[in-house]
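Trainee: Before I ask anything, let me first share the structure, which is written out below as structure tokens.
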Amino acid sequence: MAWAIWIVALTIGLAAILWSAANVAPEMHTLACALVAASVAATAILDNRSLYRRAATKHRIAASTATYMGLVWTWGAIGLFTTYTPMLDILRWKEWLVFTLAFAGVAVLCLGFAWVIASDEKRDSGEQTMLNLAQYLSVGQLVGMGIAALGLIIDGKFPVTVKKQIEWQDWAANNIFFFGALALAAITANALYMTRKQSKQETVTS
Numbered sequence: 001m002a003w004a005i006w007i008v009a010l011t012i013g014l015a016a017i018l019w020s021a022a023n024v025a026p027e028m029h030t031l032a033c034a035l036v037a038a039s040v041a042a043t044a045i046l047d048n049r050s051l052y053r054r055a056a057t058k059h060r061i062a063a064s065t066a067t068y069m070g071l072v073w074t075w076g077a078i079g080l081f082t083t084y085t086p087m088l089d090i091l092r093w094k095e096w097l098v099f100t101l102a103f104a105g106v107a108v109l110c111l112g113f114a115w116v117i118a119s120d121e122k123r124d125s126g127e128q129t130m131l132n133l134a135q136y137l138s139v140g141q142l143v144g145m146g147i148a149a150l151g152l153i154i155d156g157k158f159p160v161t162v163k164k165q166i167e168w169q170d171w172a173a174n175n176i177f178f179f180g181a182l183a184l185a186a187i188t189a190n191a192l193y194m195t196r197k198q199s200k201q202e203t204v205t206s
């Protein structure tokens, strides 16, 4: 049921993004991207903290976090593909396929990572390697997303600038990049904070 709700919500969000891109409505596009990204990030954070309150295993918490990260990357990949694919011809941007494939690739990695961690839990494995790797990757992603968002602002690509020349039609992609980066940064920062908080509590109780 939860996934059905997510599919409907993301479909509505993507429809708003595509409509605003097709009608060259940057303000509406910015709002749509912001709402989708904020919704995913807020849900991920609330779910993460709920799992901690219910004393869920570290594997289950990490798998949940990786799944939400994969959801953000999936949203970005679908948003880029539907906006720039020649089949729909909404906007044109020569680098669209490279970024779409990159987003899709990272999405698959995140979801695959979540599956591996969840499988470790089902096997009742005490293996910490994947959890440690997840933490290192999270730190790297947090830094990377912060740099990406800041870079868009410094380069003048956010807030979006709409120009009629074909080379400037990446404005829609910049919105997806910016708010996707913020969502990932928020999810990652919360996960790292809660992990550190749990570690401190375990140290005190031990």
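In the UniProt record's numbering, the protein residues as written are 1 to 206.
Glycine included, C-beta positions come from ideal geometry on N, C-alpha and C.
On a predicted model such as this, the values are computed, not experimentally measured, just so you know.
1. Quick check: residue 176 and residue 70, are their CB atoms within less than 9 Å of each other?
2. Taking the beta carbon of residue 32 as the centre, do at least 16 other beta carbons fall within 10 Å, making it buried, or is it exposed?
3. Going along the chain, which residues of its own chain have a beta-carbon closer than 6 Å to the beta-carbon of residue 111, five neighbours each way excluded?
4. According to the Cβ coordinates, are residue 115 and residue 173 closer than 9 Å?
5. Can you tell me where the alpha helix (DSSP H) holding residue 145 begins and where it ends?
6. Given a cut-off of 9 Å, decide if residue 188 and residue 138 are closer than it, judged by their beta-carbon atoms.
7. Can you say whether residue 182 is buried or exposed, counting buried as having 16 or more other CB atoms within 10 angstroms of its CB?
8. So, do the segment 44-59 and the segment 84-101 have three or more beta carbon pairs nearer to each other than 8 Å?
9. Near residue 28, what residues of its chain come up, given a Cβ to Cβ distance below 6 Å and the 5 sequence neighbours on each side ignored?
10. Measure the alpha-carbon distance for residue 199 versus residue 135 and round it to whole angstroms.
11. By Cβ distance, which residues of its chain are closer than 7 Å to residue 146, with the 5 residues on each side in sequence left out?
12. Figure out for me which residue from 130, 180 and 94 has the closest Cα to the Cα of residue 106.
13. Would you kindly report the start and end of the unbroken alpha helix (DSSP H) that includes residue 162?
14. Less than 7 Å between C-beta atoms, sequence neighbours within five positions excluded: which residues of the same chain meet that for residue 171?
15. Measuring only the C-alpha atoms, how far is residue 9 from residue 38?
16. Could you check the C-alpha separation between residue 73 and residue 109 for me, to the nearest Å?
17. Would you call the CB atoms of residue 66 and residue 190 closer than 9 Å?
18. Output the distance between the C-alpha atoms of residue 7 and residue 75, rounded to the nearest integer angstrom.
19. Would you tell me roughly how many angstroms separate the C-alpha atoms of residue 128 and residue 140, rounded to the nearest one?
20. According to DSSP, simplified to helix, strand and coil, what is residue 104?
21. Using the Cα positions of residue 133 and residue 64, report the straight-line distance between them to the nearest angstrom.
Mentor: This is what the structure holds:
1. Locating residue 176 in the sequence shown gives position 176, counting from the first residue. Locating residue 70 in the sequence shown gives position 70, counting from the first residue. Against a cut-off of 9 Å, the Cβ pair of residue 70 and residue 176 comes out as no contact.
2. Counting from 1 along the sequence shown, the entry for residue 32 is found at position 32. So residue 32 ends up on the buried side.
3. Looking up residue 111 in the sequence shown gives position 111. These residues qualify, in order along the chain: 70.
4. Start at 1 with the first residue of the sequence shown, and residue 115 comes out as number 115. Start at 1 with the first residue of the sequence shown, and residue 173 comes out as number 173. No, the Cβ-Cβ distance between residue 115 and residue 173 is not below 9 Å.
5. As a position in the sequence shown, residue 145 is number 145, starting the count at 1. Run containing residue 145: 129-154, per the alpha helix (DSSP H) assignment.
6. Against the sequence shown, residue 138 aligns to sequence position 138. Against the sequence shown, residue 188 aligns to sequence position 188. Cβ atoms of residue 138 and residue 188: closer than 9 Å.
7. As a working mapping, residue 182 is identified with position 182 in the sequence shown. With 16 or more other Cβ atoms within 10 Å, it is buried.
8. no
9. Numbered from its first residue, the sequence shown carries residue 28 at position 28. These residues qualify, in order along the chain: 20.
10. Counted from its first residue, the sequence shown places residue 199 at position 199. Counted from its first residue, the sequence shown places residue 135 at position 135. Answer to the nearest angstrom: the Cα atoms are 13 Å apart.
11. For the purposes of this step, residue 146 is identified with residue 146 of the sequence shown, where counting begins at 1. The residues are 185.
12. Locating residue 106 in the sequence shown gives position 106, counting from the first residue. Here the closest residue by C-alpha is 180.
13. Within the sequence shown, numbered from 1, the residue matching residue 162 stands at position 162. First-last for residue 162: undefined, no H or E at that position.
14. By one-based count along the sequence shown, residue 171 stands at place 171. Here the set comprises 26, 160, 161 and 162.
15. The sequence position of residue 9 within the sequence shown is 9, counting from 1. The sequence position of residue 38 within the sequence shown is 38, counting from 1. Roughly 12 Å separates the two Cα atoms.
16. Reading the sequence shown from its first residue, position 73 is the one you call residue 73. Reading the sequence shown from its first residue, position 109 is the one you call residue 109. Near 10 Å, if we compare the C-alpha coordinates of residue 109 and residue 73.
17. Walking along the sequence shown from the start, residue 66 turns up at place 66. Walking along the sequence shown from the start, residue 190 turns up at place 190. No. Outside cutoff.
18. Taking the first residue of the sequence shown as position 1, residue 7 is located at position 7. Taking the first residue of the sequence shown as position 1, residue 75 is located at position 75. Spanning the two alpha carbons is a distance of roughly 11 Å.
19. As a first step, residue 128 must be located in the sequence shown, where it is residue number 128. As a first step, residue 140 must be located in the sequence shown, where it is residue number 140. Residue 128 and residue 140: Cα-Cα distance of roughly 19 Å.
20. Counting from one through the sequence shown, the residue named residue 104 turns up at place 104. Residue 104: helix per DSSP, three-state reduction.
21. For this step, residue 133 is matched to residue 133 along the sequence shown. For this step, residue 64 is matched to residue 64 along the sequence shown. Rounded to the nearest angstrom, the two C-alpha atoms are 15 Å apart.
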